[in-house]
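Asks: Dropping a structure here in structure tokens format, bear with me for questions.
There are 2 protein chains.
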Amino acid sequence: MNTETEIQPAARGPGDHEVRDQIVAAATEHFSHYGYEKTTVSDLARAIGFSKAYIYKFFASKQSIGEAICHTCLRGIELQIEAAIASTDSAPEQLRRMFRVAVEASVALFNQDRKLYEIAVAAASEGWPTAVAYEARVRGHLQKILERGRAAGDFERKTPLDEAAQAIYLVMRPYLNPLLLRQSLQYSEDAPVQLSSLILRSLSP
Amino acid sequence: MNTETEIQPAARGPGDHEVRDQIVAAATEHFSHYGYEKTTVSDLARAIGFSKAYIYKFFASKQSIGEAICHTCLRGIELQIEAAIASTDSAPEQLRRMFRVAVEASVALFNQDRKLYEIAVAAASEGWPTAVAYEARVRGHLQKILERGRAAGDFERKTPLDEAAQAIYLVMRPYLNPLLLRQSLQYSEDAPVQLSSLILRSLSP
Chain A
2 MNTETEIQPA ARGPGDHEVR DQIVAAATEH FSHYGYEKTT VSDLARAIGF SKAYIYKFFA
62 SKQSIGEAIC HTCLRGIELQ IEAAIASTDS APEQLRRMFR VAVEASVALF NQDRKLYEIA
122 VAAASEGWPT AVAYEARVRG HLQKILERGR AAGDFERKTP LDEAAQAIYL VMRPYLNPLL
182 LRQSLQYSED APVQLSSLIL RSLSP
Chain C
2 MNTETEIQPA ARGPGDHEVR DQIVAAATEH FSHYGYEKTT VSDLARAIGF SKAYIYKFFA
62 SKQSIGEAIC HTCLRGIELQ IEAAIASTDS APEQLRRMFR VAVEASVALF NQDRKLYEIA
122 VAAASEGWPT AVAYEARVRG HLQKILERGR AAGDFERKTP LDEAAQAIYL VMRPYLNPLL
182 LRQSLQYSED APVQLSSLIL RSLSP
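Listed in order, the protein sequences are those of chains A and C.
Every letter in the first sequence is one number past the one before it in the numbering used here, and letter 162, counting from 1, is 163.
Every letter in the second sequence is one number past the one before it in the numbering used here, and letter 172, counting from 1, is 173.
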């Protein structure tokens with residue numbers, strides 16, 4: 002499968018975890034210059050100075066490396082979402098802040114590095130596990146906010162909880178999903194405000 | 002600008018309007034086989050049997066031909082929207098039907114001919130006048146439904162009308178805009194129902 006000579010790590014080299022991090026860091030750097038789509042594992046190996054076989058010891062495919070990078074980016078957005086939710090006790094305000102922060106963080110990622118954003122686009126269009134899990138966690142955050150708001154009497158309780166959470170997720174989706182966000186940038190400033198207000202009107206008891 | 006010999010229409014040939022229609026029909030046929038993006042006006046002229054110069058007498062550019070095709074498609078969707086609205090007097094029901102029919106017609110257009118759909122994608126991504134005018138008319142329909150529902154006491158009246166209409170438009174946009182619809186097909190069955198319900202909850206007096 003692979004005929005290149007493996008470059009073995011130094012005898013007392015870094016542990017597996019460190020090597021993985023090293024490959025991910027070098028790959029992030031490389032992808033941000035040359036793009037994710039156009040780069041092969043061979044290109045990457047050459048650029049990093051590792052053999053292809055050595056990289057394959059740590060990652061099953063280019064996508065696995067992409068997933069690791071994507072996971073870091075999405076985790077970064079999620080931490081901001083969690084901080085926004087923790088910053089207030091009011092469920093309606095949590096919803097507003099969550100929406101605003103999620104969009105701001107996603108737009109920042111887009112503006113910061115278009116070439117790295119390719120990875121997020123691939124993750125979303127090919128349904129990578131990291132992207133699917135992220136969507137599920139965002140829906141989970143929404144559902145918890147709804148439960149809290151219902152318990153506090155801020156939100157109506159007639160609509161089935163999962164139906165309400167799913168509909169709100171669909172309203173936010175164009176600004177969270179990287180494929181859709183690219184086509185929604187012109188609304189990314191105003192939409193979170195306008196749509197949060199619409200959502201909150203729909204939740205009024 | 003153009004060195005090809007012009008083929009003049011026959012002395013008692015069809016009027017300008019007929020020639021335009023003839024070019025549009027032939028172009029539609031050609032684009033649906035070979036795609037809009039890859040076809041040049043020269044290709045088109047060759048395929049139709051007219052000179053490039055003759056086509057340029059009727060259309061300023063390939064985009065102008067694309068706009069004429071796009072206009073026909075969007076007008077078709079709009080007629081279905083108008084029929085859906087006219088089919089009931091209840092504003093909430095008009096909203097539900099408008100959403101459902103608009104999505105069904107857009108998905109049908111997508112499934113019917115992926116190559117022709119390229120034209121809709123170009124129209125949306127490049128902001129062609131036909132696409133911009135269509136969006137404005139959809140917003141206009143929404144606003145009229147809101148006015149009707151407010152007058153009948155079906156909808157709340159506190160939210161400024163244009164704000165409410167714009168927010169509802171943003172909720173529908175992923176299923177109307179061809180660029181977004183391509184990425185939202187997995188939701189195109191359920192979303193109109195779930196989102197209409199959310200919108201109607203947001204409008205309750």
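We treat Cβ as the ideally placed atom computed from N, Cα and C, and that holds for glycine.
Using a Cβ-Cβ cut-off of 8 Å, state whether C:LEU182 counts as contacting chain A.
Replies: Translated into the one-based positions of the second sequence, residue 182 of chain C becomes position 181. False, the Cβ-Cβ gap to chain A never drops below 8 Å.
Asks: According to a CB-to-CB cut-off of less than 9 Å, which residues of the region 121 to 133 of chain A neighbour chain C?
Replies: Per Cβ criterion, the list reads ALA125 and SER126.
Asks: So what's A:ARG183 in DSSP terms, helix, strand or just coil?
Replies: By one-based count along the first sequence, residue 183 of chain A stands at place 182. Three-state result, A:ARG183: coil.
Asks: Output needed for A:VAL104: all residues of its chain with C-beta closer than 7 Å, excluding positions within five of it in sequence on either side, in chain order.
Replies: Locating residue 104 of chain A in the first sequence gives position 103, where the first residue counts as 1. Around A:VAL104: TYR176, SER189 and PRO193.
Asks: Rounded to the nearest angstrom, what separates C:GLU68 and C:ARG138 at their Cα positions?
Replies: Translated into the one-based positions of the second sequence, residue 68 of chain C becomes position 67. Translated into the one-based positions of the second sequence, residue 138 of chain C becomes position 137. Their Cα atoms are separated by approximately 16 Å.
Asks: Less than 8 Å between the CB atoms is what I'm expecting for A:PRO179 and A:ALA121, so what's the real figure, rounded?
Replies: Position 178 of the first sequence holds residue 179 of chain A. Position 120 of the first sequence holds residue 121 of chain A. 4 Å between Cβ atoms; contact.
Asks: Where are the alpha helix (DSSP H) runs, 4 residues long or more, that stay fully inside the region 85 to 147 of chain C, in chain order?
Replies: With a minimum length of 4 residues, the continuous alpha helix (DSSP H) runs that stay inside the region 85 to 147 of chain C are 92 to 113 and 115 to 126.
Asks: Name the chain A residues that come within less than 7 Å of C:LEU171, Cβ to Cβ?
Replies: By one-based count along the second sequence, residue 171 of chain C stands at place 170. Simply TYR188, ALA192, GLN195 and LEU196.
Asks: Just to confirm, is the Cβ distance from C:ALA46 to C:LYS39 under 8 Å?
Replies: In the second sequence, counting from the first residue as 1, residue 46 of chain C sits at position 45. In the second sequence, counting from the first residue as 1, residue 39 of chain C sits at position 38. No; because the gap between Cβ atoms is not below 8 Å, this pair is not in contact.
Asks: Is it buried or exposed for C:GLN95, if we count other Cβ within 10 angstroms and need 16 for buried?
Replies: Residue 95 of chain C sits at position 94 when you count from the first residue of the second sequence. Burial call: buried.
Asks: Does the distance from the C-beta atom of C:ALA123 to that of C:TYR37 stay below 8 Å?
Replies: As a working note, residue 123 of chain C is residue 122 in the second sequence. As a working note, residue 37 of chain C is residue 36 in the second sequence. Yes; because the gap between Cβ atoms is below 8 Å, this pair is in contact.
Asks: Check each residue of the region 83 to 113 of chain C: if its Cβ is closer than 7 Å to any Cβ of chain A, include it; give the result in chain order.
Replies: Against chain A - using a Cβ distance shorter than 7 Å - the region 83 to 113 of chain C contributes no residues.
Asks: So what's C:THR160 in DSSP terms, helix, strand or just coil?
Replies: Locating residue 160 of chain C in the second sequence gives position 159, where the first residue counts as 1. Coil at C:THR160, not helix or strand.
Asks: Taking any Cβ of chain C, which residues in the region 146 to 169 of chain A have a Cβ under 8 Å from it, in chain order?
Replies: Cβ contacts with chain C: GLU157, THR160, GLU164, ALA165, GLN167, ALA168 and ILE169.
Asks: Which term fits C:LYS63, buried or exposed, when burial requires 16 or more other beta carbons within 10 angstroms of its beta carbon?
Replies: The count along the second sequence starts at 1 and reaches residue 63 of chain C at position 62. When all chains shown are included, C:LYS63 counts as buried.
Asks: At the level of alpha carbons, what is the spacing between C:ALA132 and A:THR29?
Replies: One-based indexing of the second sequence puts residue 132 of chain C at position 131. One-based indexing of the first sequence puts residue 29 of chain A at position 28. Cα to Cα, C:ALA132 sits roughly 38 Å from A:THR29.
Asks: Per DSSP, what kind of secondary structure is A:TYR170 in: helix, strand or coil?
Replies: Residue mapping note: residue 170 of chain A aligns to position 169 of the first sequence, counting from 1. If DSSP states are grouped into helix, strand and coil, A:TYR170 belongs with the helices.
Asks: Using C-beta distances below 8 Å, list every residue in its chain close to A:ALA125, excluding the 5 sequence neighbours before and after it, in chain order.
Replies: Taking the first residue of the first sequence as position 1, residue 125 of chain A is located at position 124. Taken in chain order, the residues that qualify are ALA132, ASN178, PRO179 and LEU180.
Asks: Indicate whether at least one CB of chain C lies closer than 8 Å to the CB of A:SER203.
Replies: For the purposes of this step, residue 203 of chain A is identified with residue 202 of the first sequence, where counting begins at 1. Taking Cβ atoms only, chain C reaches closer than 8 Å to A:SER203, which makes this a yes.
Asks: Give me the Cα-Cα distance between C:CYS71 and C:SER33, rounded to the nearest whole angstrom.
Replies: Taking the first residue of the second sequence as 1, we reach residue 71 of chain C at position 70. Taking the first residue of the second sequence as 1, we reach residue 33 of chain C at position 32. Cα-Cα distance, rounded: 13 Å.
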